[in-house]
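Inspection log for the structure reproduced underneath, given as structure tokens.
Numbering (full-length UniProt numbering), first residue to last: 1 to 1267.
See the structure below:
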């Protein structure tokens, strides 16, 4: 009803017959209160004073407010007319006594006051003395409550306090008695002024925050209900009300609460009901003030004081009857459990006593509901109202002088109000009202409650397992289905979400403690007794043809659960004879009861609402909603329905979990096999939605999804299951990678990973192959692509359903298929090796924080790319060795554990076979020489590292197997060249002796403990030096060792000469088959022999016109080495050796000699920059120039003996020597420098003119002429 006036209430006044009337009227969209009249009632009956409010033109009054009959609504215009003592004023505060007419404009609000019921006024000089002082109210709260502020009553004044109210239209300035003069804010301003505080109030009255318990419109309605109830019960006080009187006086209070809940709190109908019940219960517990100081203290400190004093004094009967009438068992338990433990139990005992007295059907129903709610109760620690209520109760029931002192801050007791003691009280209450339980439905409820109590609070394990989510959902569906079919059920009319929330409480009973044994066995005995007394009647109810009711369902479910737990209880507990007998009898009784019933606990109609329940739980994020998401994602019957799709769209954030994304994808991909026809458009929409959820996942979770996809659908991913969706995939793939390769940078890494992640789940194999291909052909893009791939460790997934530790991973397989055998240039090969290295050891990132994981383990790389191809006749064998080296660099074998998984002993033998093939390297046809001699160093390096790994460790778990493997390897290497077996000396040491040709013992002092001789046909007499030199090629350490074992008698000139000649012959025989590192060992060996003067190399004067009168001693070693190389080539190019080498062999030898000559030139330059001996002041310029000419001549001599096509490196070196000579000769400042330069120039020309190739000769002569 729309109102434009006031609502006037009157209540019984004080013992002096005074009445107080007030009104609620609408103005500017809000409800307001004002004092309307103070009327003397001689008859003692309340009367309504006159009240009229002038409405401001153009401003509508409040809309619908009340429909209850006991509220009188008065609409219209006018002025507020008071009783005795009227004043006059506008804008400020007027004063006056006696008769007069107050006028005021309603155009602006001013502060008015409300006096609670039963307020007493003192007479002063034959006139009434009103409460003169007023305080400014708190601002209005956002929840549409009116913020009232209660003023402290003066000492000796009983009843409600004087309360400040929010702004209302300014009425007349009438006051009760003489008003205190105050300054006017401004003529006609109508602005509120600051009110004076009551004497002695201090700052506390203003500082105290009343929170949600401010006086407001709702509390006023509640007040009105109690006033009318008080009138109906007159002349008795409400505190004297008995249970039988409730029907007479309870209706106004009930209707007031229902009015508030329905009109004010539509969205939360229980919110104001809870608040009102807290106020009422607080009033019941509130002690009466003893002294004026008590009142003063409560006014300042008790937040319930203001609202509580609006309500007349009441007793527990009103509270319990009100709760019963409202059917508020849940609220009752919430408030009860918020109380301190001692109060909690005493209040429940009062309740049981109340129910047991004159017990009615409604009492029984409410009692059973309360019991059921208590078992379902869960503490809400975040509810401020409950916290304040608890604190209040603690204060109220403390010592009698509590309020006369500043109260200490109350600390909540975490163990307060143990539910066990309360259940004992309820069990006792059930016994008291048992005879009043006559209806079968109530008997079902009573037995179910008792069975649940014994099961949950006694028999269930301390850490019980939750119901599986499917059972949980089935139970919810059954319960809600039963509620839907029962029009009398209190939840029948509620929405699905509310039903689900309540059903969740029903099926999720949990206990934090256990019933004491005494109570437990009393409960066992009592349940046994009830089943014996009511068993037949309950079975008849359960077996009736009527539809299954909720009570019947609960009974069967509770007894079934009890029956299951009793078995375990008997087996695990140590029971006395009597206890064991009691439990056995109860178990047998329950078992027989269930056997005689034919009730099916699952309602068939529940299947129809299961999907709706699951979606409601997800949408409202109720308990276990994430588990419900998995049911939602996996249930194929629900998929693609409009509700299912809406739920997925609205709750997309909840499905951002890898398990849910995988489950949704599985549901979508298997929908074709379900026989349902889904339009391609809808299928694409759902797929895009799921992929959006996937895209929102973290990188870690994306990898979990990718792993799941590879596990479920293999390397082709979703491509085969989503054939329609995959149309255009190849175009998307090309477009995406075109953009990625064009904008490769660390800043764009995250964006690139996001782009690839969506493609890689659709078709992992195609996406990875595309990336591997691009890594080879796009110069420089391999690093960026490796970073992208390294963000997906799921690509390590093996082929088929094998264990991750076995089989070939997706990435390795794609890389091999895409790249292997298809590298067309050295540049592509180099990029492939770098790409492989990045995949084993991702490159460091300067700015990006994206975690990159090594995708390829070195052991997998060796197994996939090395072991199958490590044979001389395989074209990729050289690339295999490079990959092997890359793997060793990525993961050094210091611990060696990972290499042990790569069949180390067979691998050692394979490497030895490769080394053995080098002994006849130049005898192989060119087409079969897939390894270069440069690769020989890689084989040796790998062999050395692998030898270190297979050495037995102290903690060797299987020494027997190791010994067998070693013996196998030794037998195999006996078939190979002896020098190959010698390379495994560290492996065989202590187990097998080093087997060498017998001729080696002729020139070396070898210990027979470590060395043994064997007859080799190829090593006849005089070959000992050859064998010794081959030993020196093994390694620098072996070379030093063999040099120390060399036996040459320097005192015998013939032996030295013989050794020098034999050394040259051996050097010529070994040189063509040396790798670069082996030749470095021999070069260093030669220098060492020259230093020790064991090697005699005479220097001839074939390229000297005149005897140089120079100090050549500093360069003696360099000149000897140069002559030695020349003699070696003369020997090698002689007719007896000319057919040893093919063209490639000569090229190899030239490269080795050029490397040594380059080192020799570097040594000459170093020697020329520092004096040869201490105290030598003369520089070595002339000597260095002489050495340069000699080296130049030796190189041209060697070139003349070799085929022209292999001489290019020597020719380049000759030009370099001429450049050195030219630069150095310019610094020669000696007296005869010019003459010497002319002679040397002429000499160099004569040598250069003999060079065969015309172009080379021309260039050399031109270079010489430019000196």
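We put the CB at the ideal spot given by N, CA and C, even for glycine.
### Message
With a threshold of 6 Å on Cβ separation, who are the neighbours of residue 1168 within its own chain once the five nearest residues in sequence on each side are excluded?
### Response
Position 1168 of the chain shown, counted from the start, is the residue given in the question as residue 1168. Excluding residues within five positions, the ones whose Cβ falls inside 6 Å are 1180, 1184.
### Task
With DSSP as the reference, label residue 1011 as helix, strand or coil.
Taking the first residue of the chain shown as 1, we reach residue 1011 at position 1011. Correct three-state label for residue 1011: strand.
### Task
Take residue 338 as the anchor and find which of 379, 581, 647 has the nearest alpha-carbon.
By one-based count along the chain shown, residue 338 stands at place 338. Here the closest residue by C-alpha is 379.
### Task
Quick one: give me the first and last residue of the beta strand (DSSP E) that residue 1207 is part of.
By 1-based counting over the chain shown, the position of residue 1207 is 1207. Unbroken run through residue 1207: none, as it is neither H nor E.
### Query
Helix, strand or coil: how does DSSP classify residue 1101 here?
The residue labelled residue 1101 in the question sits at position 1101 within the chain shown. Residue state, collapsed to three classes: coil.
### Query
Does the separation of the CB atoms of residue 705 and residue 694 fall below 8 Å?
Here the question's residue 705 lines up with position 705 in the chain shown. Here the question's residue 694 lines up with position 694 in the chain shown. Cβ atoms of residue 705 and residue 694: closer than 8 Å.
### Query
Whose CA, out of 727, 538, 794, lies closest to the CA of residue 761?
The sequence position of residue 761 within the chain shown is 761, counting from 1. Comparing Cα-Cα distances from residue 761 to each of 727, 538, 794, the minimum goes to 794.
### Query
Who are the Cβ neighbours of residue 516 in its own chain at under 7 Å, not counting the five residues just before and after it?
Locating residue 516 in the chain shown gives position 516, where the first residue counts as 1. Excluding sequence neighbours, residue 516 sits near 420.
### Query
Hey, is the region 652 to 664 in contact with the region 532 to 546, meaning 3+ C-beta pairs nearer than 8 Å?
no
### Query
Shortest alpha-carbon distance to residue 1131 belongs to which of 1121, 243, 1201?
For this step, residue 1131 is matched to residue 1131 along the chain shown. Of 1121, 243, 1201, the residue nearest in Cα terms is 1201.
### Task
Look up residue 35 in the DSSP assignment and say whether it is helix, strand or coil.
Position 35 of the chain shown holds residue 35. Confidence is the limiting factor: at residue 35 the pLDDT is only 34, short of 50, which leaves the residue's position unreliable and the question unanswerable from this model.
### Task
Output the distance between the C-alpha atoms of residue 1103 and residue 1190, rounded to the nearest integer angstrom.
In the chain shown, the residue the question calls residue 1103 occupies position 1103. In the chain shown, the residue the question calls residue 1190 occupies position 1190. For residue 1103 and residue 1190, the distance between alpha carbons rounds to 7 Å.
### Message
Measuring alpha carbon to alpha carbon, tell me which residue in 932, 963, 880 is nearest residue 905.
### Response
Counting from 1 along the chain shown, the entry for residue 905 is found at position 905. Sorting 932, 963, 880 by C-alpha distance to the C-alpha of residue 905 places 963 at the top.
### Task
Give the DSSP-derived three-state secondary structure of residue 261 in the structure shown.
Numbered from its first residue, the chain shown carries residue 261 at position 261. When secondary structure is reduced to three states using DSSP, residue 261 falls in the helix class.
### Task
Counting only the same chain and skipping the five closest in sequence on each side, list residues whose C-beta sits under 8 Å from that of residue 500.
Here residue 500 corresponds to residue number 500 of the chain shown, with the count starting at 1. The answer, listed in chain order, is 476, 480, 613, 616, 617, 620, 622.
### Message
Given a cut-off of 8 Å on the beta-carbon distance, is the pair residue 649 and residue 565 in contact?
### Response
As a first step, residue 649 is located in the chain shown; it is residue number 649 there, counting from the start. As a first step, residue 565 is located in the chain shown; it is residue number 565 there, counting from the start. For residue 649 and residue 565, no; Cβs fall outside 8 Å.
### Task
Measure the CB-CB distance between residue 788 and residue 819 and report whether it falls below 8 Å.
Along the chain shown, one-based indexing puts residue 788 at 788. Along the chain shown, one-based indexing puts residue 819 at 819. No.
### Message
Let's test the definition: count the other Cβ atoms within 10 Å of the Cβ of residue 873 and tell me whether it reaches 16, buried, or not, exposed.
### Response
Working through the chain shown from its first residue, we reach residue 873 at position 873. The residue is exposed, with fewer than 16 neighbouring Cβ atoms inside 10 Å.
### Query
Going by C-alpha distance, which of 1126, 1072, 1010, 980 is nearest residue 1097?
Here residue 1097 refers to the residue found at position 1097 of the chain shown. The shortest C-alpha separation from residue 1097 is found at 1126.
### Message
What would DSSP say about residue 727, mapped onto helix, strand or coil?
### Response
Against the chain shown, residue 727 aligns to sequence position 727. Coil at residue 727, not helix or strand.
### Query
Taking the DSSP output, what are the residues bridged to residue 1270?
Because the chain here runs from 1 to 1267, residue 1270 falls outside it and cannot be looked at.
### Query
Are the CB atoms of residue 890 and residue 841 nearer to each other than 8 Å?
Taking the first residue of the chain shown as 1, we reach residue 890 at position 890. Taking the first residue of the chain shown as 1, we reach residue 841 at position 841. Contact: yes.
#### Entry: residue 995 in three-state terms, based on DSSP
Residue 995 sits at position 995 when you count from the first residue of the chain shown. Residue state, collapsed to three classes: strand.
### Query
Hey, would you say residue 442 sits closer than 8 Å to residue 368, going by beta carbons?
Indexing the chain shown from 1 puts residue 442 at position 442. Indexing the chain shown from 1 puts residue 368 at position 368. Yes, these two residues count as a Cβ contact at 8 Å.
### Query
Which residues in the same chain have their Cβ closer than 7 Å to the Cβ of residue 437, if we skip the five residues on either side of it in sequence?
Along the chain shown, one-based indexing puts residue 437 at 437. Contacts found: 364, 443, 446.
#### Entry: Candidates 722, 1082, 766: closest to residue 737 by CA position
For this step, residue 737 is matched to residue 737 along the chain shown. Among 722, 1082, 766, the Cα nearest to that of residue 737 belongs to 766.
### Task
Could you name the residues of the same chain whose beta carbon sits closer than 8 Å to that of residue 969, not counting the 5 residues immediately before and after it, in chain order?
In the chain shown, the residue the question calls residue 969 occupies position 969. If we look at residue 969 and ignore the five residues flanking it on each side, its Cβ neighbours are 905, 908, 909, 984, 987.
### Message
Between the alpha carbons of residue 758 and residue 511, how many angstroms are there, rounded?
### Response
Translated into the one-based positions of the chain shown, residue 758 becomes position 758. Translated into the one-based positions of the chain shown, residue 511 becomes position 511. Going from the Cα of residue 758 to the Cα of residue 511 covers about 47 Å.
### Task
Could you tell me the boundaries of the alpha helix (DSSP H) in which residue 622 lies?
Position 622 of the chain shown holds residue 622. For residue 622, there is no enclosing alpha helix (DSSP H), as DSSP gives it neither H nor E.
### Task
Can you give me the Cβ contacts of residue 1035 inside the same chain, cut-off strictly under 6 Å, excluding the 5 residues immediately before and after it?
Looking up residue 1035 in the chain shown gives position 1035. Here residue 1035 has no same chain residue with a Cβ atom under 6 Å from its own Cβ, once five neighbours each way along the sequence are excluded.
### Message
So for residue 1285, helix, strand or coil by DSSP?
### Response
Here the chain has residues from 1 to 1267 only, and residue 1285 is not among them.
### Query
What's the call for residue 474, buried or exposed, on a 16-neighbour Cβ count within 10 Å?
As a first step, residue 474 must be located in the chain shown, where it is residue number 474. Residue 474 is buried by the Cβ-count criterion.
### Task
Pull up the DSSP beta-bridge partners for residue 798, would you.
Here residue 798 refers to the residue found at position 798 of the chain shown. For residue 798, DSSP records a beta bridge to 809.
### Query
Quick one: what does DSSP say residue 1031 is sitting in, helix, strand or coil?
Here residue 1031 corresponds to residue number 1031 of the chain shown, with the count starting at 1. In the structure shown, residue 1031 sits in a helix (DSSP, three-state: H, G or I).
### Message
I'd like to know whether the C-beta atoms of residue 1046 and residue 1004 end up nearer to each other than 8 Å.
### Response
Here the question's residue 1046 lines up with position 1046 in the chain shown. Here the question's residue 1004 lines up with position 1004 in the chain shown. Closer than 8 Å, so yes.
### Query
Tell me which same chain residues have a C-beta within less than 6 Å of the C-beta of residue 553, skipping the five on either side of it?
Taking the first residue of the chain shown as 1, we reach residue 553 at position 553. Excluding sequence neighbours, residue 553 sits near 482.
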